[in-house]
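Below you'll find the structure, written out as structure tokens, and then a few comments.
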Amino acid sequence: MNEVMNNILTRRSIRKFTDTPISREILDDLVQAALHAPSGMGKQTWKFTVVTNKNAIKRLAEAIKTTLNRPGYDLYCPAAIIIPSNLRDSNWGKEDDACALENIFLAANSYGVGSVWINQLQNICDTPAIRDILNDFGVPANHVVYGMAALGYPDPDTVIQPKERIGKVAYIE
266 MNEVMNNILT RRSIRKFTDT PISREILDDL VQAALHAPSG MGKQTWKFTV VTNKNAIKRL
326 AEAIKTTLNR PGYDLYCPAA IIIPSNLRDS NWGKEDDACA LENIFLAANS YGVGSVWINQ
386 LQNICDTPAI RDILNDFGVP ANHVVYGMAA LGYPDPDTVI QPKERIGKVA YIE
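Under the numbering used here, the first residue of the sequence shown carries the number 266, and numbering increases by one thereafter.
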């Protein structure tokens, strides 16, 4: 199997990470992968915010936990998060960010870095507690966060189960 297909087929969501930091070089490559994702009409109305400060990540996790009333929520204690945001009035912002996140996830997998999609911010990014943190991170006020990538090296004790892929496919020939 070619290496691109192997990377796609072996990527899994990882929800338990080690404390090992991710190098700046790898994070830069992940952002480059995101920047090379397709965007509606090539507008590229996104911004990517990379957070590696553990206290900042914990602060965001606490705010999400409180806002959503989810005891124990901790964003899975990642080594880093990448937050794509997009113009509030962009017709394709959600789709653009989804494409960018998938590129991040696949690039991360190619480096042995685990990832998981964090989707909670979509409906709460404008609540005051969350928006204050996003403002502190430099996310523009006119941007919405549709999802983010939690990243880290997979905990070696984590068992990754094979996943049966279901869906229907039709070929019209």
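For every residue, glycine included, the Cβ atom is placed at its ideal position computed from N, Cα and C.
Contact set for residue i: own chain, Cβ-Cβ below 8 Å, skip 5 residues either direction
i           : result
residue 303 : 361, 364
residue 355 : 305, 308, 310, 361
Closest residue to residue i among the options (Cα-Cα distance)
i           : options            : result
residue 384 : 400, 401, 409, 375 : 409
residue 405 : 311, 306, 267      : 311
residue 248 : 274, 328, 309, 352 : There is no way to answer for residue 248, as the model of the chain reaches only from 266 to 438.
residue 429 : 277, 435, 437, 353 : 277
residue 398 : 432, 355, 288, 324 : 324
residue 352 : 333, 313, 373, 322 : 313
residue 330 : 301, 386, 272, 432 : 386
Per-residue DSSP class, three states only, for residue i
i           : result
residue 279 : coil
residue 413 : strand
residue 419 : strand
residue 303 : coil
residue 352 : strand
residue 424 : coil
Min CB distance residue i to chain D below 9 Å
i           : result
residue 294 : Any reference to chain D falls outside this structure, which holds one protein chain only.
Cβ-heavy atom distance, residue i to the ligand GDP, below 8 Å
i           : result
residue 394 : Summarising the ligand content, the structure contains no ligands, and the ligand GDP is consequently not present.
Integer Cβ distance of residue i from residue j, believed to fall under 8 Å
i           : j           : result
residue 347 : residue 266 : Actually they are not in contact, since the Cβ atoms of residue 347 and residue 266 sit about 28 Å apart, beyond 8 Å.
- Item | the region 280–294 / the region 341–359 touching (three or more Cβ pairs under 8 Å) | Using a Cβ-Cβ distance cut-off of 8 Å, the region 280–294 and the region 341–359 are in contact, since at least three pairs of beta carbons, one from each stretch, lie closer than that value.
- Message: Closer than 8 Å is the cut-off here; do at least three beta carbon pairs connect the region 385–392 with the region 309–319?
- Response: Not touching, per the Cβ criterion.
- Message: Count Cβ pairs between the region 370–386 and the region 412–419 that sit closer than 8 Å; are there 3 or more?
- Response: They touch, by the three-pair rule.
- Query: Using 8 Å as the Cβ pair cut-off and three pairs as the minimum, do the region 289–309 and the region 364–374 touch?
  - Reply: Pairwise C-beta distances place the region 289–309 in contact with the region 364–374, as three or more of them are shorter than 8 Å.
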